[in-house]
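Residue numbers (my numbering), protein chains in the order written: chain A, 1 to 410; chain B, 411 to 488.
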């Protein structure tokens, strides 16, 4: 039984309990077909309701521009679409998760940064999304520091892990370092799952925070130095390295940078030419997945340390996506928009290693007419999300290319 | 030194269409007082590194203008 007033979600300026959540679930008479809300509470509320009523939903970022939404294949009318709830279920704390075992129509569609300028559409059924969720009594008092965008798969998986254990969730995503520490202390946060970029923002060490017992780190390459520093800030935390992707969700966890294949994944993962391949049984559904037999090429390059049990370390991505603070940016998409500016002849967008974000975007631009950095930034930020906008511009005479004639990026 | 850093910070503020600053003080907080976000801080490291050859965030996040100056002064002595 959940005690009265157990917190469900603490989000800047708004605090809601599980009672509030259940009340609000019972008030709904329709559900958006596409969830693109700014508020984490509304995203979670509508997501839960969509499962209860077995309606398929799509989640997109609320900060997409109209053009970006159009590029995903949606019209303005699509954004206004609703499912009507005709036979309302009286939701209570005993039946709220009943529907989790028997969804037929429900699927969740999300978008991952694509390699061709168009984000990839990936649909998951509930069993693949909650595959790694562990529910048991000892997790009942966990308090989650929520450090991912709630519209992305990592955030959704943390959400399910938390809500299915009746845990409180404290939203830390996008908060300042000072505020994050205040929230960790005030709410005695026990678990945090985040990207290395998020953790880097917590450095350097000033105080110990003893309430945190588990930290997981994923989405970018493992950083040993960072792990050591985190251990001094969170002395009681077990630190785990997670491998997850939008295509498959969470797949592996490791204590250091070496992943060892668990016996239950045997036969579902293989390595070919140093690239990690995953069996289709473990993936969501997307038209864009290209299978080789029953396997999907992840594009992740690994170094095999041991054959049996299979043990490996991640090296990098095969394609050219640039990781900016945990967000993958396709340089081709940005170049395409830059090149659409009437004053620009050509451009090259690439990443430069950066101690704050992992990488920062730089653009070399060849101009036809004079234009300022500020004008370029304004031009781009109307069309794409801020993390995709290059921050440094070099105005050059020629755009450098590699020997194969491709634009040189790193 | 403050003036040199001010130029870089103002460049970032200008590109964001924010009001530029007349003066920096050592106690100013980069996020809370000046309003820089993590993308801005990343940009600031690159701009300062290109002038001074020092990655100010190499050993973790710093919070105030004074901390930047301290790192740059320590780096210059080496």
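Glycine included, every Cβ here is placed at the ideal spot set by N, Cα and C. Quick caveat: nothing in here was measured; it's all calculated off a predicted structure.
Query: Proximity below 8 Å, CB of residue 163 of chain A to CB of residue 143 of chain A; Result: no
Query: Residue 247 of chain A (DSSP reduced to helix, strand or coil); Result: coil
Query: Contact list for residue 177 of chain A against chain B, beta-carbon separation under 9 Å; Result: 441, 471, 473
Query: Simplified DSSP state of residue 94 of chain A, which is helix, strand or coil; Result: coil
Query: 8 Å Cβ cut-off: residues of chain B touching residue 62 of chain A; Result: Result: empty, since nearest Cβ-Cβ is about 17 Å, beyond 8 Å.
Query: DSSP-derived helix/strand/coil call for residue 291 of chain A; Result: strand
Query: Beta-carbon proximity check, residue 56 of chain A vs residue 107 of chain A, cutoff 8 Å; Result: yes
Query: Residue 233 of chain A beta carbon less than 8 Å from that of residue 422 of chain A; Result: Because chain A here runs from 1 to 410, residue 422 of chain A falls outside it and cannot be looked at.
Query: Three CB pairs or more closer than 8 Å across the segment 464-484 of chain B and the segment 431-438 of chain B; Result: yes
Query: Chain B within 8 Å of residue 463 of chain A, Cβ atoms only; Result: Since the first residue of chain A shown is 1 and the last is 410, residue 463 of chain A is not available in this structure.
Query: Contacts of residue 419 of chain A in chain B (Cβ-Cβ under 8 Å); Result: Because chain A is modelled from 1 through 410, residue 419 of chain A falls outside the range shown and cannot be assessed.
Query: Start-to-end residues for the alpha helix (DSSP H) that takes in residue 24 of chain A; Result: 18-27
Query: Residue 244 of chain A vs residue 284 of chain A beta-carbon contact at 8 Å; Result: no
Query: Straight-line Cα distance separating residue 194 of chain A from residue 328 of chain A; Result: 15 Å
Query: Cα-Cα separation, residue 292 of chain A to residue 273 of chain A; Result: 14 Å
Query: Nearest to residue 126 of chain A (by Cα), restricted to the options A/119, A/263, A/156, A/149; Result: A/156
Query: Segment limits, alpha helix (DSSP H) that includes residue 127 of chain A; Result: 126-129
Query: Check whether residue 325 of chain A and residue 448 of chain B have beta carbons under 8 Å apart; Result: yes
Query: Reduced DSSP category for residue 361 of chain A - H, G, I as helix; E, B as strand; rest coil; Result: strand
Query: Segment limits, alpha helix (DSSP H) that includes residue 32 of chain A; Result: Residue 32 of chain A -> not in any alpha helix (DSSP H); beta strand (DSSP E) instead, spanning 30-32.
Query: For residue 306 of chain A and residue 19 of chain A, the rounded distance between their alpha carbons; Result: 50 Å
Query: Cutoff 8 Å: residue 410 of chain A Cβ touching any chain B Cβ; Result: Bear in mind that a pLDDT of 45 at residue 410 of chain A, under 50, signals an unreliable position, so the model cannot answer this.
Query: 6 Å Cβ shell around residue 416 of chain A - same chain, five flanking residues per side excluded; Result: Within the shown structure, residues of chain A are numbered from 1 to 410, placing residue 416 of chain A beyond reach of any answer.
Query: Cβ contact check for the segment 33-43 of chain A and the segment 61-74 of chain A: 3 or more pairs under 8 Å; Result: yes
Query: Straight-line Cα distance separating residue 391 of chain A from residue 453 of chain B; Result: 6 Å
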